[in-house]
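In the numbering used here, the protein residues as written are 1448 to 1860.
Next comes the structure, spelled out in structure tokens:
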């Protein structure tokens, strides 16, 4: 048995072929070379898995990157149609599995020094549910192993050909996975393990609890305002994020700056900040994604001064202000007319209709932990407040890192 005292790579060289690498059925392509027929296959697989109707403009912002490429792999099964009367055969491929990867930046605190590592976030892993569970599991193993192998080779090939876009990609050896609704031990040490909570916005007590908080605090916090991040405020918010992550989080993961900017401006990612009008400074930042009828808070960062960092906690007034900011933004998101997604702009001419949400979910990670603790503490009857909970975990591939408390981890994909 080996013990490692510090975070480190497991395999320094490029991955090797193994029993799960399948080059006959699996094809890997960079997103900048993905043509419309394959885009349609990808979107169809997403719809089959989640029920969401997405188009290319809905998905593309998360995969666009100036410095590095994003990749997608298709598991294709050969299908032969035979027409006996006309005497010919048609040989086609049917896609039964997909997986994607997109570049992120990981900062790890080690001896008061931030180590930066480029990583790939693995997402949209899906296999046709018509297959048996055993077949699905085997296909997933093959898709993961082959995708990781192929993306490394494609990056190295692009770098050797002098492609400026991939001048750092060939060094990416680490992958990040996320799992939800964990029902059994998957045999890996998680980077962090936590619960995600889903609340009903239609439930009476949930609305009353949030409204009471805002009424009680609005006079006390009248000099603070919330704003959605735009092109003009992006760099100010980015400076706040950089300042806080250096001293605050043990593990900090986020997209490249250009990709983060594109996600925000396309409203694929909704970001708000709480602003101190008198002193002219940002107090906190909140990150949301909108899915169908659900508002998801995927992360947040609260301002810690040096004294708070040394103490390991913020003062009570700052904590109350942080929670107040979140509840104020949540009310704004539920009440405002949300701009339609790109796929719905042409279909929906009733732009004046109000978008309603049934639920909001929050991941108990980063400074979201402060918000979750408040929601639990102020709940008079948890069975009425919580709609459901689910276990969620992140884990790293080809990298060793001790398990972290989720409050010390910030991850934005």
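Glycine included, C-beta positions come from ideal geometry on N, C-alpha and C.
- Taking 8 angstroms as the cut-off, the beta carbon of residue 1722 is found no closer than this to the beta carbon of residue 1663.
- By the Cβ test, the segment 1812 to 1828 is not in contact with the segment 1593 to 1607, since fewer than three Cβ pairs between them sit closer than 8 angstroms.
- With contacts defined by Cβ atoms closer than 8 angstroms, residue 1710 and residue 1566 do not form a contacting pair.
- In the DSSP assignment, residue 1781 falls within the unbroken alpha helix (DSSP H) covering 1763 to 1782.
- In the DSSP assignment, residue 1606 falls within the unbroken alpha helix (DSSP H) covering 1580 to 1607.
- In this structure, the straight-line span from the alpha carbon of residue 1838 to that of residue 1626 is close to 8 angstroms.
- Per DSSP, the beta-bridge partners of residue 1625 are 1841.
- By the criterion of a C-beta distance shorter than 8 angstroms, residue 1618 is surrounded in its chain by 1565, once the five residues flanking it on both sides are discounted.
- Sequence-distant partners of residue 1628 (beyond 5 residues in either direction) whose C-beta falls short of 6 angstroms from its own C-beta, in its chain, are 1837.
- Per DSSP, reduced to three states, the secondary structure at residue 1723 is strand.
- Between the alpha carbons of residue 1682 and residue 1497 lies a distance of about 34 angstroms.
- In the structure shown, residue 1752 adopts coil according to DSSP, grouped into three states.
- Sequence-distant Cβ neighbours of residue 1719 in its own chain, meaning closer than 6 angstroms and more than five residues away, are 1673, 1675, 1733 and 1776.
- For residue 1565, the secondary structure class from DSSP, reduced to helix, strand or coil, is strand.
- Taking residue 1568 as the centre and dropping the five residues before and after it, the same chain places the C-beta of 1549, 1551, 1623 and 1860 closer than 6 angstroms to its C-beta, in chain order.
- By the beta-carbon neighbour count (other beta carbons within 10 angstroms, threshold 16), residue 1849 is exposed.
- Of the candidates 1685, 1698 and 1699, the residue whose Cα lies closest to the Cα of residue 1728 is 1685.
- At a Cβ-Cβ threshold of 8 angstroms, residue 1542 and residue 1570 do not count as neighbours.
- About 14 angstroms separates the beta carbon of residue 1667 from that of residue 1724, a gap too long to meet the 8 angstroms contact definition.
- Residue 1545 holds the alpha-carbon nearest to the alpha-carbon of residue 1520 among 1506, 1513, 1851 and 1545.
- 8 angstroms or more divides the Cβ of residue 1475 from the Cβ of residue 1592.
- Taking C-alpha positions only, residue 1851 is separated from residue 1640 by approximately 8 angstroms.
- Sixteen is the threshold: since fewer than 16 other Cβ atoms of the shown chains lie within 10 Å of the Cβ of residue 1726, the residue is exposed.
- Of the residues 1605, 1751, 1665 and 1646, the one whose Cα lies closest to the Cα of residue 1689 is 1751.
- According to the DSSP assignment, residue 1687 belongs to the alpha helix (DSSP H) that extends over 1681 to 1695.
- For residue 1672, the three-state secondary structure derived from DSSP is strand.
- Here the alpha carbons of residue 1780 and residue 1853 stand approximately 26 angstroms from one another.
- Taking residue 1814 as the centre and dropping the five residues before and after it, the same chain places the C-beta of 1747, 1748 and 1749 closer than 6 angstroms to its C-beta, in chain order.
- When DSSP states are grouped into helix, strand and coil, residue 1505 belongs to the helix group.
- If you ignore the 5 residues before and after residue 1680, its C-beta comes within less than 7 angstroms of the C-beta of 1674, all in its own chain and listed in chain order.
- Residue 1737 sits in a strand when the DSSP states are folded into three classes.
- The three-state reading of DSSP puts residue 1458 in coil, since its state is none of H, G, I, E or B.
- Taking the CA atoms as reference points, residue 1647 sits about 42 angstroms from residue 1456.
- Here residue 1698 is actually not in contact with residue 1561; their C-beta atoms are around 10 angstroms apart, not less than 8 angstroms.
- Looking at the DSSP output, residue 1550 sits in a beta bridge with 1567.
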